[in-house]
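*Asks:* Each residue of the sequence shown is one higher than the one before, starting from 98 at the first, in my numbering.
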Amino acid sequence: MEKKYKSIPIEAIVKQDILRQGIHFLKEVFEVTDPYKTKDYFIFSFDHIPLSELGDVKAPEEIKVSGGHFDLLPTVISTRNNPSSPYKVKKSSDGKPVLYLGETFLGNLEFPPLPAWYRHKTKNGKIPGEIAPVIEWGYLIYLTVFRNCQYFGKEEECAYCDINHNYRQQKNAGRPYTGVKDIEDILEVLSWIDSEDHTAKVYTITGGSVITSLKKKMKSIFI
98 MEKKYKSIPI EAIVKQDILR QGIHFLKEVF EVTDPYKTKD YFIFSFDHIP
148 LSELGDVKAP EEIKVSGGHF DLLPTVISTR NNPSSPYKVK KSSDGKPVLY
198 LGETFLGNLE FPPLPAWYRH KTKNGKIPGE IAPVIEWGYL IYLTVFRNCQ
248 YFGKEEECAY CDINHNYRQQ KNAGRPYTGV KDIEDILEVL SWIDSEDHTA
298 KVYTITGGSV ITSLKKKMKS IFI
């Protein structure tokens, strides 16, 4: 593909193909000593298989790849787990994660750092990744205030979307997963970000569609 579309940066070509085919992390790569931010499953799963088939989920939220066969500039790519992917993350001889496509070395990897304020819990016992997770290497705060969509069940949901399925699989796996977030929790986590974080610059407020009411409130009032 890189030979056909020479005007497109190779980093964009590699990134879109990894997003399309997902990544297979060998278990050995999770033995890294430095703490890193794992997937928060902030809205969709993005994975190619159900959570129940993944086992112990330690995959990072994203990877940053650089160097390798194409001499890639540092490129951040969201994690989409797929054990059948040709893109494999292995552990190098010096214990660092590396990315391969078949036998081709694509580059050295970094996993995203874990923000210091992730150590806190809200007064309601919520962990930060449940309320205001960060993505894009800590740059973007992702506020999914409603983790379901009321179009589901009416055969009106978006064909690509798995927001409701993701919610159910997280709950079935016994993972903490808040469906409707309280404003008090959001403000508390944002206060930690304000006082302790120097990386986050923007935030997104999103969630599933409300077409009737939520918590006895109409959509305009809930938002």
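Just so it is clear, CB atoms sit at the ideal spot from N, CA and C, and this is done for glycine as well.
Please give me, in chain order, every unbroken run of the alpha helix (DSSP H) with length at least 4 that falls completely inside the segment 228 to 295.
*Replies:* Listed in chain order, the complete alpha helix (DSSP H) runs (minimum 4 residues) inside the segment 228 to 295 are 260 to 269, 280 to 293.
*Asks:* Could you compute how far the alpha carbon of Ile140 sits from the alpha carbon of Leu237?
*Replies:* 14 Å
*Asks:* Can you tell me whether Val277 is buried or exposed? The criterion is at least 16 other CB atoms within 10 Å of its CB, across all chains shown.
*Replies:* Val277 should be labelled exposed.
*Asks:* Please list, in chain order, all residues of the same chain as Phe71 whose beta carbon is under 6 Å from its beta carbon, the five residues on each side excluded.
*Replies:* Because the chain is modelled from 98 through 320, residue 71 falls outside the range shown and cannot be assessed.
*Asks:* With a threshold of 6 Å on Cβ separation, who are the neighbours of Gly304 within its own chain once the five nearest residues in sequence on each side are excluded?
*Replies:* Thr241, Val242, Phe243
*Asks:* Check whether the Cβ atoms of Tyr184 and Gln118 lie closer than 8 Å to each other.
*Replies:* yes
*Asks:* So Lys108 is in the alpha helix (DSSP H); what residue range does that whole segment cover?
*Replies:* The amino acid at residue 108 is misidentified as Lys; the sequence shows Glu. 107 to 118 is the span of the alpha helix (DSSP H), which, as asked, contains Glu108.
*Asks:* In chain order, what are the residue ranges of uninterrupted alpha helix (DSSP H) at least 4 long that sit wholly in the segment 146 to 185?
*Replies:* 148 to 151
*Asks:* List the endpoints of the continuous beta strand (DSSP E) containing Tyr300.
*Replies:* 299 to 304
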